[in-house]
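Quick note on numbering: the sequence shown equals residues 660 to 925 in our numbering.
From the three backbone atoms N, C-alpha and C, an ideal C-beta is built for every residue, glycine too.
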Amino acid sequence: MNIYSYEIKSQLRTYIIWSVSILVVFLIFMSGLYHVFMDSRADVEKAYSGFPPAFSAAFGIVIEQIFTYGGFFQFIYTYIAIIGAIMAAAVAISAFSREKRSKCVDFLLTKPVGRGAIFTAKLLAGLTMLAVTNILFVAVSILVHNGSGQDAAQLDRAVWASCALFFMQLVFLSIGALYATFAKKVRSVPGIATALGFAGFILSALYSLLREDAIRFISPLTYFQPYAVFSTGGFETRYAVTAAAVAVACIGLSYVKYCKYDVPAL
């Protein structure tokens, strides 16, 4: 069976669950809670005033921003990004460790198909799944933006801000591929993917607390901030470049390792 289609079919069930989770969480918060949140501003401000500043910062709560559409979007994105990061890492780890987990690496790598072609097919399958999810996410974001009475002139920024999820997922896809190709054994795809996602969250929370650029450079969840798009019209260049460099480096190293992988003796 074609490797590309096989990977998509093999992950279809869990992929749908992840995708639906992202869309449902976004819809619940942006459609259901956004207006309630705005209408209860005084009560919300009073409640948050009792929280330690460190707590608010760690969970992405910025009072000066959160009562704007872009600020609330950024707040919700903090949690959607965790789901998206775990999903992207799981897609990559599942695809690139499948033969290791099934102990049939020799079966695949001795087929009359180049290792580079196998790697590319698996990577394209992962990219396809992420692309479809994010097309749906952007479409839902447009509907929510228009339905919430926002300025139509800001729609282009809402669309571009929604792309933050896709760009961030590309980074975690590449990190997942790197882990899967270099690890000798992969025992649990969900466990490893979850660990990577929450490691990203811990780094982003640490950056929110300390505001040190050095931490942000190693925090993939903060490379693309939707609020930056709503406020300035675009993502911050140096972090976008960092994300691209990380993704290219991880994919490049993964490709080299995969193509040179030695089939273990039985």
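Query, Result
"Residue 755 vs residue 681 beta-carbon contact at 8 angstroms", "no"
"Three or more C-beta pairs below 8 angstroms linking the stretch 775 to 790 and the stretch 804 to 820", "no"
"6 angstroms Cβ shell around residue 925 - same chain, five flanking residues per side excluded", "Low local confidence applies: a pLDDT of 46 at residue 925 is under 50, so the model's placement there is unreliable, and no value is given."
"Cβ neighbour criterion (16 or more within 10 Å) applied to residue 773", "exposed"
"Residue interval of the alpha helix (DSSP H) (run including residue 788)", "774 to 806"
"Inter-residue spacing [alpha-carbon to alpha-carbon] between residue 671 and residue 838", "22 angstroms"
"Other residues of its chain near residue 824: CB distance less than 7 angstroms, five sequence neighbours each side excluded", "739, 740, 743, 793 and 796"
"Completely contained alpha helix (DSSP H) runs for the stretch 861 to 904, where each covers 4 or more residues", "872 to 875 and 885 to 891"
"Which of helix, strand or coil DSSP assigns to residue 924", "With a pLDDT of only 47 at residue 924, under the threshold of 50, the placement of this residue in the model should not be trusted, and no figure is reported."
"Burial state of residue 710, where buried means 16 or more other Cβ atoms lie within 10 Å", "exposed"
"Proximity below 8 angstroms, CB of residue 862 to CB of residue 877", "yes"
"Complete alpha helix (DSSP H) runs within the stretch 712 to 762 (minimum length 4 residues, chain order)", "712 to 717, 722 to 725, 728 to 755 and 757 to 761"
"Residue 707 versus residue 700 - alpha carbon distance", "10 angstroms"
"Endpoints, the alpha helix (DSSP H) within which residue 832 is located", "823 to 841"
"Every unbroken beta strand (DSSP E) inside the stretch 675 to 716 [3 residues or more]", "none"
"Whole-angstrom distance between residue 786 and residue 829, CA atom to CA atom", "8 angstroms"
"Residue 846 (DSSP reduced to helix, strand or coil)", "coil"
"Straight-line gap, residue 886 to residue 919 (C-alpha atoms, nearest Å)", "42 angstroms"
"Cα-Cα separation, residue 705 to residue 725", "14 angstroms"
"Backbone secondary structure at residue 809 - three-state DSSP", "coil"
"Residues near residue 775 by beta carbon distance below 6 angstroms, same chain, minus five either side", "918"
"8 angstroms Cβ cutoff met for residue 807 and residue 736", "no"
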